[in-house]
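*Asks:* Residue numbers (UniProt numbering), protein chains in the order written: chain A, 1 to 276; chain B, 1 to 287; chain C, 1 to 334. Even for Gly, the Cβ is constructed at its ideal location relative to N, Cα and C.
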């Protein structure tokens with residue numbers, strides 16, 4: 001829209017948008033600030049906004065006391081593992097649907113999405129039971145597998161939409177050049193789709209990192225990722241705001257940063273291409 | 001590009017994904033269906049045999065069923081209303097020319113990336129705690145009595161927390177939709193003498209209707225399944241027990257698997273009704 | 001070697017038969033052009049030979065071996081696509097090397113062939129660039145380079161020049177012809193442009209709706225078109241096709257005469273008409289003549305210096321030995 005905008009109007013827009021933006025962001029900002037306060041200052045009345053004694057003590061306390069490293073590692077392992085595993089399974093499937101479409105391709109894609117809409121609680125007990133049967137309860141591998149299944153439809157879907165943008169002639173050229181199917185996917189399709197694969201990776205890592213149904217219900221002390229670790233902080237008593245904030249900040253900071261990179265793909269990934 | 005060889009290769013390469021998802025769908029689904037027709041109390045006698053539709057009847061006639069339904073609906077409608085209305089306004093605001101648009105966008109989107117347990121816990125303690133919470137400080141500053149948010153107005157509190165998490169999602173999608181609105185169409189309407197309001201109602205809103213529908217459907221599916229926020233804040237107390245949470249309690253807390261499974265079947269049916277509408281829209285977009 | 005034989009080949013997409021039963025022989029070393037209007041099945045036919053599509057029935061053999069069920073990667077054919085289909089993430093060198101890498105060829109041999117191809121195609125300075133940094137003509141040459149290094153049994157070209165501008169097209173046409181003379185490898189070339197067909201081919205295959213209308217050398221097709229379709233399609237400007245009384249007088253249903261086989265005069269001649277548009281090309285002038293009573297427009301090619309103005313009366317005399325006679329079924333009369 002090439003419209004003439006007065007500076008005055010632009011200033012009003014800017015002021016309004018920044019006010020709303022900061023208001024929405026405020027809970028996160030406040031949590032981050034609180035994490036650098038002492039417990040006493042964290043609950044001070046009136047609250048102290050910036051001029052407190054900055055300390056990183058809460059971080060070291062959280063790290064020492066709660067075995068934070070293991071929860072963090074579990075989160076990374078589960079989110080990363082499920083995403084990578086999902087991509088390995090989804091790339092060939094998306095190749096098939098994008099480049100060898102049949103009458104059923106659309107139905108298969110929609111069916112895959114529909115599995116994503118199955119309410120988790122409806123199948124909670126069967127999964128719980130199966131996990132006990134196979135000794136997978138509180139096991140990072142079991143959880144990785146479940147989260148892979150949960151996100152597989154989105155991964156297939158996203159890769160499919162990215163692959164469809166690659167001209168089929170290039171893959172045919174590879175075939176004419178003597179490439180086997182494996183070489184075609186490995187040396188031609190995958191490198192060309194790197195940007196799409198990267199965004200798929202990113203978004204699904206975020207979704208898996210924040211998943212809070214199966215991670216809470218299928219883990220105990222051993223395999224618990226950060227979601228479950230944070231939930232364990234819900235004991236209401238005591239002076240713990242600063243430590244809670246430090247733990248929270250550590251749990252969300254990496255994802256906030258990754259998330260900002262993935263905001264464009266977010267729309268595509270979460271609306272299944274229905275909004276562009 | 002479609003030879004017999006490539007078609008059969010395609011089938012083979014699709015197989016792992018299809019088989020895994022089929023298993024993931026069918027195995028638990030069939031087990032849930034099976035349990036729902038049985039009296040199954042793992043801690044009190046285990047599987048006690050066939051009961052027909054008893055569990056289904058008991059689930060809907062239990063005293064907690066209708067409150068759970070109404071809680072679910074209140075939460076759903078409250079969050080949808082807030083996120084859609086604020087989302088539209090916010091999307092329009094963010095679409096205006098301004099300085100630092102990129103940064104504001106990032107600020108607005110951020111809550112979506114906060115893990116549910118963190119946002120629930122931070123809101124519960126740091127903001128809504130009746131003595132030390134920031135909101136309590138604020139209320140006292142204005143001389144008002146501080147509020148016990150999660151016990152006095154539990155649904156309002158829950159709706160606030162969940163809306164804060166989902167507002168970015170609605171805004172982002174609606175903003176994407178607004179940006180695809182043809183600027184010339186707006187200018188033409190302006191030339192035709194349409195006021196700002198009529199331009200909004202006759203051009204922008206109809207253009208957004210599809211995106212709004214999608215936001216409603218996707219959020220509905222996620223909101224029906226909401227769990228961690230309730231688990232962390234109230235644990236289902238104070239009338240915040242939604243249908244999903246009720247099923248969770250029946251299955252894992254009171255270990256009445258038969259009853260919980262019947263509830264699960266209801267939840268699956270409910271989600272599928274919403275999903276059908278979403279699939280229609282998505283499917284149309286595929287062609 | 002590169003002798004390709006199609007026997008009874010058909011192709012259907014669902015219920016739609018795009019190639020009815022078809023036989024074709026392509027000799028080793030021959031430059032064969034498939035030409036026809038869009039949708040005539042020429043690209044499909046090429047893709048069947050390439051193996052990118054399955055044939056519905058029939059047999060394809062390459063050098064006497066049945067290739068019907070051999071995947072494209074194993075047929076030993078190279079293809080140049082309309083969009084060039086270069087690998088955007090690889091340098092020019094890697095693009096050209098790709099088929100040799102797939103064949104696990106010795107690295108030294110790969111380098112030797114790349115250097116050779118690059119020198120022949122004027123690409124030596126661009127070997128380390130990405131396709132995105134090249135002009136259309138250069139991309140085209142990379143695509144050709146990628147095809148020649150593997151020394152295929154035959155080259156398949158799918159409208160390779162249609163994305164180039166007119167000037168470049170003429171240049172590339174010559175380059176491809178020269179390449180053929182030098183390599184003497186079988187080439188099959190698909191185009192909708194009859195000029196390309198005429199200038200490059202040893203053998204032209206004219207296709208319409210999946211049917212082969214005629215096969216022959218450019219001059220055979222020019223001199224003896226088998227039917228009115230080929231007559232109208234080959235040659236530029238198009239052959240004049242005259243029906244009705246005048247055709248009947250010559251014992252035909254349709255009478256064909258090429259613009260270059262009509263002599264014009266301001267004073268007398270066999271036919272008479274009014275000059276419409278005159279297109280002066282310098283060497284030649286094309287007159288579009290109306291009100292002849294023969295057809296809507298008669299096109300005539302005259303030497304460049306001949307001058308008539310719009311609206312002038314013009315007399316035309318066809319060279320009788322160059323008249324083509326076609327029957328009611330459209331076929332050439334003996």
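1) What residue does the beta strand (DSSP E) around residue 194 of chain C start on, and which one ends it?
2) Does the beta-carbon of residue 46 of chain B have 16 or more other beta-carbons within 10 angstroms, so that it is buried, or is it exposed?
3) Should the stretch 78 to 96 of chain C be regarded as contacting the stretch 161 to 170 of chain A, the criterion being three or more beta carbon pairs within less than 8 Å?
4) Any beta carbon of chain C sitting closer than 8 Å to that of residue 10 of chain B?
5) Using a C-beta to C-beta distance shorter than 8 Å, which residues of chain B count as neighbours of residue 160 of chain C?
6) Could you tell me which residues DSSP puts in a beta bridge with residue 61 of chain C?
7) Going by DSSP in three states, residue 82 of chain C sits in which element: helix, strand or coil?
8) State the Cα-Cα distance for the pair residue 166 of chain C and residue 149 of chain A, rounded to the nearest angstrom.
9) Could you list which residues in chain A have their beta carbon closer than 7 Å to that of residue 83 of chain C, in chain order?
10) Rounded to a whole number of angstroms, what is the C-alpha to C-alpha distance between residue 61 of chain A and residue 93 of chain C?
11) What do you get for residue 35 of chain A, buried or exposed, if any count of 16 or more other CB atoms within 10 angstroms of its CB means buried?
12) To be precise: take each residue of the stretch 154 to 165 of chain A, compare its Cβ to all Cβ atoms of chain B, and keep it if any distance is under 7 Å. Which residues remain?
13) If you draw a straight line from the alpha carbon of residue 328 of chain C to that of residue 298 of chain C, how long is it in whole angstroms?
14) In chain order, which alpha helix (DSSP H) runs of at least 4 residues are fully inside the stretch 126 to 192 of chain A?
15) Please list, in chain order, the chain F residues whose beta carbon lies closer than 7 Å to that of residue 43 of chain A.
16) Going by the DSSP bridge assignment, what does residue 240 of chain C pair with across the sheet?
17) Of all the options B:185, B:258, B:165 and B:277, which has the alpha carbon lying nearest to the alpha carbon of residue 83 of chain B?
18) Go to residue 199 of chain B, then tell me how far its alpha helix (DSSP H) extends in each direction, as first and last residue.
19) Is the distance from the Cβ of residue 59 of chain B to the Cβ of residue 266 of chain B below 8 Å?
20) For chain A, check one thing: does any of its Cβ atoms lie closer than 8 Å to the Cβ of residue 291 of chain B?
21) Could you spell out where the alpha helix (DSSP H) holding residue 99 of chain C opens and where it closes?
22) For residue 146 of chain C, go through chain A and note every residue whose CB falls closer than 9 Å to its CB, in chain order.
23) Residues of chain C with a CB under 8 Å from the CB of residue 91 of chain A: which are they?
24) Which runs of the alpha helix (DSSP H) fall wholly inside the stretch 3 to 36 of chain A and span at least 4 residues, in chain order?
25) Against chain C, which members of the stretch 180 to 191 of chain A pass a CB distance test of less than 7 Å?
26) Looking at C-alpha atoms only, which residue of B:76, B:222 and B:12 is the closest neighbour of residue 120 of chain A?
27) Buried or exposed for residue 1 of chain C, going by 16 or more other Cβ atoms inside 10 Å?
28) What are the residues that DSSP puts in a beta bridge with residue 272 of chain C?
29) Apply the 10 Å Cβ neighbour rule to residue 112 of chain A and answer buried if 16 or more other Cβ atoms are within range, or exposed otherwise.
30) Select from the stretch 27 to 55 of chain C all residues with a C-beta closer than 8 Å to any C-beta belonging to chain B, and list them in chain order.
31) Is residue 118 of chain A helix, strand or coil by DSSP?
32) Out of C:307, C:23 and C:248, which has the shortest C-alpha to C-alpha gap to residue 281 of chain C?
33) Determine, using beta carbons only, whether residue 201 of chain A and residue 87 of chain A come nearer to each other than 8 Å.
34) Give the DSSP bridge partners of residue 216 of chain C, in chain order.
35) Should residue 24 of chain B be labelled buried (16 or more other beta-carbon atoms within 10 Å of its own) or exposed?
36) How long is the line joining the alpha carbons of residue 19 of chain A and residue 91 of chain B, rounded to whole angstroms?
*Replies:* Let's see:
1) First-last for residue 194 of chain C: 194 to 200, but that is the alpha helix (DSSP H), not the beta strand (DSSP E).
2) exposed
3) yes
4) no
5) Within chain B, no residue comes near residue 160 of chain C; the closest Cβ sits about 19 Å away, beyond 8 Å.
6) C:5 and C:66
7) In the structure shown, the three-state DSSP call for residue 82 of chain C is coil.
8) 54 Å
9) 167 and 169
10) 57 Å
11) By the neighbour-count criterion, in which 16 or more other beta carbons inside 10 Å mark a residue as buried, residue 35 of chain A falls on the buried side.
12) Residues passing the 7 Å Cβ filter: 156.
13) 21 Å
14) 140 to 163 and 168 to 176
15) Note that chain F does not occur in the displayed structure, where the protein chains are A, B and C.
16) C:257
17) Checking every option, the nearest Cα to that of residue 83 of chain B belongs to B:165.
18) 196 to 199
19) Their beta carbons are under 8 Å apart, which means residue 59 of chain B touches residue 266 of chain B by this criterion.
20) Residue 291 of chain B falls outside the range modelled here, since chain B spans only 1 to 287, and no answer is possible.
21) 92 to 102
22) 173 and 177
23) None at all; the shortest Cβ gap to chain C is about 16 Å.
24) Those alpha helix (DSSP H) runs which fall completely within the stretch 3 to 36 of chain A and span 4+ residues are 7 to 34.
25) 180, 183, 188 and 191
26) It is B:222.
27) exposed
28) DSSP output for residue 272 of chain C lists C:315 as bridge partner(s).
29) With 16 or more other Cβ atoms within 10 Å, it is buried.
30) 51, 52, 53 and 54
31) coil
32) It is C:307.
33) yes
34) C:204
35) buried
36) When rounded, the distance between both Cα atoms is 14 Å.
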